[in-house]
Structures are given as C-alpha cells and as structure tokens.
Amino acid sequence: MAFYVIAEPADQFGEWVEQQRQPAPEPADDLARFGQEVFFERAECSRCHAIKGTSATSNLGPDLTHLASRQTLAAGIIPNTRGHLGGWIINPQNIKPGNLMPSTHLTGEELQALLVYLETLE
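Just so we're aligned: the sequence shown equals residues 0 to 121 in numbering that gives the first Met the number 0.
See the structure below:
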C-alpha cells in the first residue's frame, strides 16, 4: 500500500490541522440536504462513519468530515472523483475485495444526492 507524503512549511501545516478540526458545513441547497438525509436515513452511513458537527459519531469506518478534500479513497487505491466515489458506495467489494463496507441499494437519484452532499465535506 502506498501513500503520498506532502511536506509543507510549519505555518501551512498548522492551517491545515486547524481546518481539519472544523466541523462539516451545513448543506447549502435542497439536493445536498436530500443527500444528507440519504446519508443518515436511507443508506445509514452514520452507523459506521463520523462527520464532525453532526450526530454521526461512529468510529467503525473512516471519519468523513473532510472527505472532499482527500485526493484518494479506499486507503489510497482509487482517485477521489465523483465516479469512483459512486462506485465505491454502490459496490465497494468490486473495488477492494474483503473490505468491511457494505454495498448500498440506492436509487440513482439517492446516489446523486448523496454524492452532492459528500462533495460539500471539504
């Protein structure tokens, strides 16, 4: 497994650390709000994932508070793009066999809304 190492000046690193401590913003539009509803209710993502500033506090899966600011997904094996993220949500075993994330059974509309919501998590 390979990871990127990024060296930054101390002040820039400090700013990044402070940004990582911030809670997630509230969804700003109806589609993102629907995506948040899908996250908490339909897909039940909050059973395993945390998002700072929300009721999602589980530590079974990765904290998704700043998911959209990451360059990769699935422990670094795929780029963090809408297409890859959607594929990961629908069928994670197809991308990384043996991982613990369950497949979801979302409609296309629910998946698109969930992706919009997750893209707000910078």
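Virtual Cβ for every residue (Gly too), placed ideally from N, Cα, C.
Cβ-based burial, residue i [other Cβ within 10 Å; buried from 16]
i: F33; result: buried
i: V115; result: buried
i: P96; result: exposed
i: Q35; result: buried
i: L84; result: buried
i: A31; result: buried
i: A55; result: buried
i: K16; result: According to the sequence shown, residue 16 is Val rather than Lys. That one is exposed.
i: F12; result: exposed
Proximity to residue i [Cα-Cα], best of the options
i: Q18; options: D28, P26, K51, Q35; result: K51
i: S45; options: T64, Q70, A6, R81; result: T64
i: R81; options: E118, L59, F38; result: E118
i: Q111; options: V4, A55, I89; result: I89
i: V4; options: G107, S57, R69; result: R69
i: T53; options: H104, P8, P22; result: P22
i: R20; options: D62, D29, N58, F39; result: D62
i: P101; options: G107, E109, Q92; result: Q92
i: F132; options: E14, D10, L72, F12; result: The chain is shown from 0 up to 121; residue 132 falls before or after that span and cannot be answered.
i: H48; options: F38, E40, G60; result: G60
Whole-Å CB distance - residue i paired with residue j, under 8 Å assumed
i: A67; j: L113; result: Between L113 and A67 the Cβ distance is about 13 Å, and since that is not below 8 Å, they are no contact.
i: G86; j: I94; result: 6 Å
i: A42; j: L105; result: 6 Å
What residue ranges within the stretch 16-77 form continuous beta strand (DSSP E) runs of no fewer than 3 residues, ordered along the chain?
none
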